[in-house]
Amino acid sequence: MGISCMIEPQNPFANKELTTEERIVLKAEREANLETEKNGGIPTKNCLMTLRQAYEDAGNDFKAAETLEQQNEIYPNPEDYNLIGVYYHNSGNKDKAIEFFERALEYNPNAYWPNFNLGNTLFYKDSQKSFKYLNKAYELNPSEPCVNILLGRLDKRGKYAEAKKKFQIAYDRYEQKWKANSLNDSDYGWFASVAEELGKKDKAHEIRNSKPKIEQTLYYDEENLTQTRTKSLTKL
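If you're matching positions, the sequence shown starts at 1 in this note's numbering and goes up one per residue.
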């Protein structure tokens with residue numbers, strides 16, 4: 001009758017087992033495509049934010065980086081440069097990470113995290129430049145644990161007492177967060193590593209094993225393809 005209707009499958013079948021992470025990503029990709037179509041082919045900021053978060057939750061840092069970079073091209077925000085760099089760093093794309101950390105510092109030379117992240121990324125690539133940015137980060141926030149760990153590792157080469165002092169500062173800060181149940185995802189790795197630096201190997205093992213994981217939920221059941229069992233997720 002000349003009327004266009006959009007048909008959407010509510011519970012599509014899957015021909016393989018889908019983990020919680022895969023299901024979240026597929027749902028976000030589908031919704032992003034629908035929202036982009038409704039917006040004349042241009043992704044909305046909201047759908048890109050949702051899609052990027054889905055990739056992050058699924059552990060796909062490279063896709064998260066690409067999505068946030070695309071969002072920044074359409075909806076510019078220089079404050080996103082550091083996070084784009086973090087995603088690229090975590091995905092193993094160090095050159096792209098360096099590019100965005102440098103762009104973040106062009107926007108704000110006195111921002112702690114871009115200085116630290118650039119120093120961290122350059123740690124094994126260019127020790128002289130790495131120390132420059134780590135030292136700047138330390139000047140901006142001398143009690144932040146991550147920078148104490150990296151500078152402590154540099155101090156180990158000749159000033160072990162200073163190194164141990166920095167390691168202890170980092171360990172104490174993380175232990176406070178541990179007791180308050182306020183560690184974020186990346187904190188677990190740093191906390192475990194500084195525990196090892198202080199000879200606390202059992203503690204490091206306990207820390208790594210305590211990192212929360214997204215609950216695995218299957219979207220499809222081999223004996224019943226129509227099953228759509230779901231469970232609630234806790235946002236990490």
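By construction, the Cβ of each residue, glycine as well, lies at the ideal position given by its N, Cα and C atoms. Computed from a predicted structure; not experimentally measured.
Selected residue, minimal CA-CA separation from residue i, among the options
i	options	result
residue 79	110, 90, 58	110
residue 143	69, 123, 160, 171	171
residue 241	39, 206, 61	Nothing in the structure corresponds to residue 241, since the chain is present only between 1 and 236.
residue 49	134, 75, 160, 205	75
residue 106	124, 125, 82	82
residue 24	51, 39, 175	51
residue 167	181, 150, 91	150
residue 187	123, 169, 208, 130	208
residue 63	39, 38, 91	91
residue 195	182, 184, 169, 185	169
residue 185	139, 210, 41	210
Endpoints, alpha helix (DSSP H) assigned at residue i
i	result
residue 210	Element bounds for residue 210: n/a, residue is neither H nor E.
residue 114	112 to 121
residue 169	160 to 179
residue 193	185 to 197
Whole-number beta carbon distance between residue j and residue i, since they are thought to touch under 8 Å
i	j	result
residue 141	residue 112	5 Å
residue 54	residue 87	No, residue 54 and residue 87 are not in contact; Cβ-Cβ is about 13 Å, not under 8 Å.
residue 56	residue 47	Not really, about 15 Å apart at Cβ, beyond 8 Å.
residue 117	residue 89	7 Å
residue 173	residue 145	4 Å
residue 204	residue 192	4 Å
residue 45	residue 71	6 Å
For residue i, the three-state DSSP class (helix, strand or coil)
i	result
residue 59	coil
residue 145	helix
residue 92	coil
residue 40	coil
residue 106	helix
residue 135	helix
residue 237	With the chain covering 1 to 236 only, the question about residue 237 has no answer from this structure.
residue 85	helix
residue 156	coil
residue 50	helix
residue 67	helix
residue 17	coil
residue 229	Only weak support is given to the placement of residue 229: the predicted model assigns it a pLDDT of 30, under 50, and the question is left unresolved by the model.
residue 27	helix
residue 76	coil
residue 4	coil
residue 130	helix
residue 200	coil
residue 98	helix
C-beta atoms of residue i and residue j nearer than 9 Å
i	j	result
residue 240	residue 197	Since the first residue of the chain shown is 1 and the last is 236, residue 240 is not available in this structure.
residue 121	residue 98	yes
residue 85	residue 58	no
residue 32	residue 43	yes
residue 161	residue 147	no
residue 119	residue 108	no
residue 125	residue 94	yes
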